[in-house]
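Counting from 130, one number per residue, gives the positions in the sequence shown under the working numbering. All residues carry an ideal CB built from backbone N, CA and C; glycine is no exception. Here the structure is laid out as structure tokens; the discussion comes afterwards.
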Amino acid sequence: MTTGSLLAADLVIAVLAAGGWLGGGAASAARRRPLALGLAAFALLATLARAITITALARAGWWFAAEKVLIAAPLSLAAVAVAGPRLLRAPGDIRSVAVPLLFAGYATSGALLVTVLHGYPASAGAGLLAVAGVVAATAVSWRALGARPSRTVSRATLVVAVAALVAGTGLTAAPDGAPAVPHDHAYRDARTVGEPTRRFTLTAGTATVRVSGRDVAAWAFDAQVPGPELTAVVGDVVEVTLRNRDIERGVTLHWHGYDVPNSQDGVPGVTQAAVLPGQEFVYRFRADQAGTYWYHTHSVSDVGVRMGLYGVLVVRPGPMTGLDVTVPVHTLAGRPLPAPRTERVEAGTPVRLRLINTDSTTHRYALAGTSFRVAAIDGFDLRGPTSLVDTSVLIPAGGRYDLVFDAPATPVALFVDGRVVYTTGAVSTATGAWPVLDPLSYGVASPAPWSRIDKRFTLVLDRGLDLHELLPRYAHTVNGAADPNIPPQVVRLGDIIRFTIVNRSQIVHPWHLHGHHVLVLSRDGKPAVGSPLWLDSFDVRPGEVWEVAFRADNPGMWANHCHNLAHADAGMTLHLMYS
């Protein structure tokens, strides 16, 4: 059973336990003895079952079980200790156990709410707030059922509830926030890139584009989705002038996966101001990284990219040979792009398919009709890629895979989530049952380029209630905080940095660090044994723990965020800052 499955099972069991205790309390209050005893027995079994899941999660990693061990377990023990003995006495008047059963329900529910609304990390404040809620709810139920506790018990209950509430509120108060992100664009690369050899102009604006036979309202570069394909050869100096015709919320250009100098990264409020209607901004960088990349707006990126503000960037090592095909996959207004494309290819022609996932969710790709090799991932060539056949690949949001093969005499077809997007002829092949390539064990390994680690950071991805500026939202969080209250990760030039990225949520988070590629060290404790994987986008699935490392060699302030852009917009964004 995977850690992600354990997290889901624990959540379901907690809900069942809480429902059983509360239902038993309600049934006993209504004097429905068999139902009350049955529900209480079910709740007791569920509580015991949860002890098993919590123990298993604690063995998988403290990140997954902290609040369960420190808060849920004591509250569950209190529930069993209070309700259990009263049930064992089998009272003649079943109504007398209503309050103990309700207390058990409130205790289990309070612990569940800590997991759902607070998450990681466990805190004394969250525990005290849960206690206050349990005590207050029990007191109200006690009075509502006509019980007459002594004045001493009533006062003690009130004191405990108020004290826990006050202490909990103080301990969970929002921090002062992360240090402000600089807006003066002080992080400038000192290198002189020289005069441009490749010039482009992109104009962002609203447009109507045709997708699958239907007119769709879009935001587009040069009135097309995707925007124009930008190409260069290693050694070129690329200059791109971005103009905004009428996108009211502003636009920028972020060169996804291309490690440009910080001033050219296109993150509004960090490396530049958003380009508003009627304005323009000029980007310039040297094409020194051959590979497959893409560009997109980083201003209100969740909406902007989804509406169509993206395009392809390809840097080739030299003159193009054979057939070179880019396949940027996107969903626009609920309709898939690109449209299916068919072309005739002479047998023996070298073919490179550049697969680009520009959506915020993972896509499954399958190449039928030929063997192939994965030559590169995220712009970096793989070492010793072997031939594959009848094998699919999963590409995370923002990721790119280059597939290469020599065209056979028979047709081939590329499927994305079962839909044909590229063919050289008619192919009818079922690809849904094909195994998925694990890139961590593909290709030939080589030693890491360093033997030390200078700094370690742990990012625990979760969900929780965020009270930024007193406006509550259910945010996607990192280490219990949401943007802009996540402290930046401060590094020094030349440091070797190690990230541990933990996903304790029920949602996939495709992680993306700007300005750097990271070397994958391990996943769930199992070392990467294939070709060195230098990635800029990788899926951290529920319950997974990734270890990655990189050299801090690109000074500036860099965004570090989930590339499901809705998650980034909902708080899952922080920054890497050079001291």
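- Collapsing the DSSP output to three states places residue 673 in coil.
- For residue 249, the closest of 239, 196, 216 and 265 by C-alpha to C-alpha distance is 196.
- Excluding sequence positions up to five before and after residue 409, its CB lies within less than 8 Å of the CB of 370, 371, 372 and 373, all in the same chain and listed in chain order.
- Taking every protein chain shown into account, the CB of residue 568 has 16 or more other CB atoms within 10 angstroms, so this residue is buried.
- The segment 184-194 makes no contact with the segment 253-267, as fewer than three CB pairs between them are under 8 Å.
- Here residue 631 is buried: its Cβ has 16 or more other Cβ atoms, across all protein chains shown, within 10 Å.
- Between the beta-carbon of residue 385 and that of residue 424 there is about 7 Å, and that keeps the pair under the 8 Å contact cut.
- With respect to residue 363, residue 434 sits apart: the two C-beta atoms are not nearer than 9 Å.
- In the three-state scheme derived from DSSP, where H, G and I count as helix and E and B as strand, residue 473 is classed as coil.
- The alpha carbon of residue 707 has as its nearest neighbour, out of 690, 644, 624 and 619, the alpha carbon of 619.
- Residue 625 carries a strand assignment under DSSP once its states are collapsed to helix, strand and coil.
- In the same chain as residue 326, and ignoring 5 residues on each side of it, the C-beta atoms closer than 6 Å to its own belong to 365 and 366, in chain order.
- Assignment of residue 661 by DSSP, reduced to helix, strand and coil, places it in the coil class.
- DSSP places residue 402 outside any beta strand (DSSP E), giving it a letter other than H or E.
- In this structure, DSSP gives residue 355 a state outside helix and strand, which the three-state scheme calls coil.
- Proximity of the segment 661-669 to the segment 521-530 meets the contact definition, three or more beta-carbon pairs being nearer than 8 Å.
- Boundaries of the beta strand (DSSP E) around residue 348: 343-350.
- Around the CB of residue 341, fewer than 16 other CB atoms lie within 10 Å, so the residue is classed as exposed.
- For residue 693, the closest C-alpha among the options 451, 489 and 437 is that of 489.
- Rounded to the nearest whole angstrom, the C-alpha separation of residue 451 and residue 548 is 25 Å.
- One thing to note: residue 681 has its Cβ within 9 Å of the Cβ of residue 625.
- Between the segment 199-210 and the segment 168-185 there are three or more inter-stretch CB-CB distances shorter than 8 Å, so the stretches are counted as touching.
- Secondary structure at residue 445: strand, using DSSP grouped into helix, strand and coil.
- Judged by beta-carbon spacing, residue 532 lies beyond the 9 Å limit of residue 574, meaning their Cβ atoms are not closer than that value.
- Residue pairing by DSSP places residue 460 opposite 465 in a beta bridge.
- In the three-state DSSP reduction, residue 632 falls in the strand class (E or B).
- Taking all protein chains shown into account, residue 405 has fewer than 16 neighbouring C-beta atoms within 10 Å of its C-beta and is therefore exposed.
- Residue environment for residue 600: exposed (fewer than 16 other C-beta atoms within 10 angstroms of its C-beta).
- Under DSSP, residue 521 shares a beta bridge with 495 and 565.
- For the 9 Å CB-CB criterion, residue 388 and residue 646 form a contact.
- Contact check for residue 500 and residue 517: beta-carbon distance about 6 Å, within the 8 Å limit, so the pair qualifies.
- If you draw a straight line from the Cα of residue 470 to the Cα of residue 437, it comes to about 20 Å.
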